[in-house]
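Below is one structure, written out as structure tokens; comments come after it.
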Amino acid sequence: MQCRLCDSKSLISVLDLGATPPCEKFLSAAELDLPEPTYPLHLRLCENCLLLQIPALITPEETFTEYAYFSSFSDSWVRHAKLFVDQA
Numbered sequence: 726m727q728c729r730l731c732d733s734k735s736l737i738s739v740l741d742l743g744a745t746p747p748c749e750k751f752l753s754a755a756e757l758d759l760p761e762p763t764y765p766l767h768l769r770l771c772e773n774c775l776l777l778q779i780p781a782l783i784t785p786e787e788t789f790t791e792y793a794y795f796s797s798f799s800d801s802w803v804r805h806a807k808l809f810v811d812q813a
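Note that the working numbering numbers the sequence shown so that position 10 is 735, with each residue one more than the last.
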């Protein structure tokens, strides 16, 4: 494995939480009795650039199939976005 930012191979283990199912994965009734996919949740630090990173990436297709968040539901986020646009 190498650093995603600087390509260094000098990574040290900081925290290993084992294999974990992805968050925000809403299972259908048919999926409840099936084994869930898990991914390593292993935080590593690049000794070269100090980037903390988790090596395994989950694709957007795996993450956002039944995503329950819409930014328009958050009044504070809408106000923040409007302020940002007004300042641009």
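In this text, a Cβ means the ideal position worked out from N, Cα and C, and glycines have one as well.
**Asked** What span of residues does the beta strand (DSSP E) with T745 cover, start to end?
**Response** Position 20 of the sequence shown, counted from the start, is the residue given in the question as residue 745. Secondary structure note for T745: its beta strand (DSSP E) is the uninterrupted segment L736 to T745.
**Prompt:** Tell me which same chain residues have a C-beta within less than 6 Å of the C-beta of C771, skipping the five on either side of it?
**Reply:** If you number the sequence shown from 1, residue 771 lands on position 46. These residues qualify, in order along the chain: C728, S733 and L736.
**Asked** Taking just the CA atoms, how far does Q812 sit from S799?
**Response** Here residue 799 refers to the residue found at position 74 when the sequence shown is read from its first residue. Here residue 812 refers to the residue found at position 87 when the sequence shown is read from its first residue. If you draw a straight line from the Cα of S799 to the Cα of Q812, it comes to about 20 Å.
**Asked** Is Q727 helix, strand or coil by DSSP?
**Response** Within the sequence shown, numbered from 1, the residue matching residue 727 stands at position 2. In this structure, Q727 counts as coil in the three-state DSSP scheme.
**Asked** If you draw a straight line from the C-alpha of L768 to the C-alpha of M726, how long is it?
**Response** Residue mapping note: residue 768 aligns to position 43 of the sequence shown, counting from 1. Residue mapping note: residue 726 aligns to position 1 of the sequence shown, counting from 1. When rounded, the distance between both Cα atoms is 12 Å.
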